Amino acid sequence: MRRHLNFKHKIEFAAKEEELKRERSTPKVTETNTEQGPPTPTSSTPKLVDQKIKDVFERKSKYNKDSPRQKALDEMLAEMICFDMQPFSIVEERGFRTFIQALDPRYEIPGRKKITQVIIPRLYKREEEAVKKELENTEHVALTTDEWTSRTTKGYMAVTAHFINNNMTLQSRVLETRRITSSVTLENIKDELNHVMDSWGIQEKVFAIVTDNAANMKSAINLLKKDMCLSLRTR
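Okay, so the sequence shown: first residue is 1 according to full-length UniProt numbering, each after it adds one.
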């Protein structure tokens with residue numbers, strides 16, 4: 001350890017060594033009997049010195065990328081972005097980075113690429129498995145769905161599942177908000193709904209689908225009713 005510090009961190013190592021020498025050379029007033037002579041240095045002194053040097057450099061070094069602390073902070077950062085609907089670019093803003101470094105200098109703030117391609121997909125997979133487990137343990141599921149077109153004329157459809165859990169508590173989970181890449185036809189809407197139910201394993205559990213009473217959505221549900229026993233409800 002000492003050889004590594006002396007070779008890789010010469011300036012800091014020399015400064016720390018000098019500080020420790022001064023501490024050891026400074027006389028300390030004790031109440032021991034002077035006739036017994038000065039205290040004999042113990043064999044633990046070198047270990048104590050090494051530990052102090054190690055502590056100094058550990059406080060300045062970054063967390064290992066695979067350390068539990070680094071991963072926990074990464075996930076909390078991603079959750080904050082999702083909960084507060086912040087742009088991913090927040091991790092590149094100077095004020096935000098300065099604030100985070102003041103809170104924990106050892107934390108390495110991830111970039112946008114890592115957040116979007118690694119951290120959030122990992123969180124999504126965990127939440128997906130938890131929701132699938134909830135749906136496995138329920139007998140009946142009702143769906144609500146809505147379809148809309150954005151200002152850029154892109155079609156979207158959101159599907160939410162509603163069910164009673166084992167504690168007799170109503171639960172609601174947004175299963176998917178899907179981009180409809182093809183033309184918004186009755187067949188395409190029906191296929192999208194089938195895909196959602198199949199991917200979440202609730203094809204045999206859905207007993208009702210509630211829509212916003214839009215004509216195209218009602219017609220798509222009617223197509224589903226030919227293959228499934230559903231009660232079409234509108235609000």
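Here a beta-carbon is modelled for each residue, glycine too, at the ideal position from N, C-alpha and C.
What you are looking at is a predicted structure, and each value in this text was computed from that prediction instead of being measured.
Test: residue i CB closer than 9 Å to a CB of chain B
i           : result
residue 220 : Protein chain content of the structure displayed is limited to a single chain, and chain B is not contained in it.
Sub-9 Å separation of residue i and residue j beta-carbons
i           : j           : result
residue 122 : residue 75  : yes
residue 228 : residue 203 : yes
residue 173 : residue 160 : yes
residue 170 : residue 200 : no
residue 147 : residue 214 : yes
residue 218 : residue 211 : yes
Backbone CA spacing between residue i and residue j [nearest angstrom]
i           : j           : result
residue 119 : residue 78  : 7 Å
residue 155 : residue 190 : 14 Å
residue 158 : residue 226 : 22 Å
residue 85  : residue 185 : 31 Å
residue 188 : residue 66  : 43 Å
residue 208 : residue 149 : 24 Å
residue 162 : residue 63  : 42 Å
residue 61  : residue 81  : 26 Å
For residue i, the residue or residues it bridges with in DSSP
i           : result
residue 147 : 157
residue 141 : 206
Residue i CB to nearest heavy atom of the ligand ZN below 8 Å
i           : result
residue 159 : This structure does not include the ligand ZN; it has no bound ligands of any sort.
I want to know whether the stretch 92–104 touches the stretch 137–150 - three or more CB-CB distances under 8 Å.
Touching, no.
Count the C-beta pairs between the stretch 113–125 and the stretch 169–184 that are closer than 8 Å, then say yes if the count reaches three, no if not.
Counting Cβ pairs under 8 Å, fewer than three are found: no touch.
Within the chosen definition, does the stretch 125–139 reach the stretch 191–198 through at least 3 CB pairs nearer than 8 Å?
Judged by Cβ distances under 8 Å, the stretch 125–139 makes no contact with the stretch 191–198, as fewer than three pairs qualify.
In the stretch 157–219, which residue ranges form an unbroken alpha helix (DSSP H) of at least 4 residues, counting only runs that do not cross its ends?
Qualifying alpha helix (DSSP H) stretches, in chain order: 186–199.
Cβ contact (3+ pairs, closer than 8 Å) linking the stretch 72–91 and the stretch 133–140:
Short answer: they don't touch.
Ignoring anything shorter than 4 residues or poking outside the stretch 49–111, list the alpha helix (DSSP H) runs there in chain order.
Whole alpha helix (DSSP H) segments, 4+ residues: 68–83 and 94–103.
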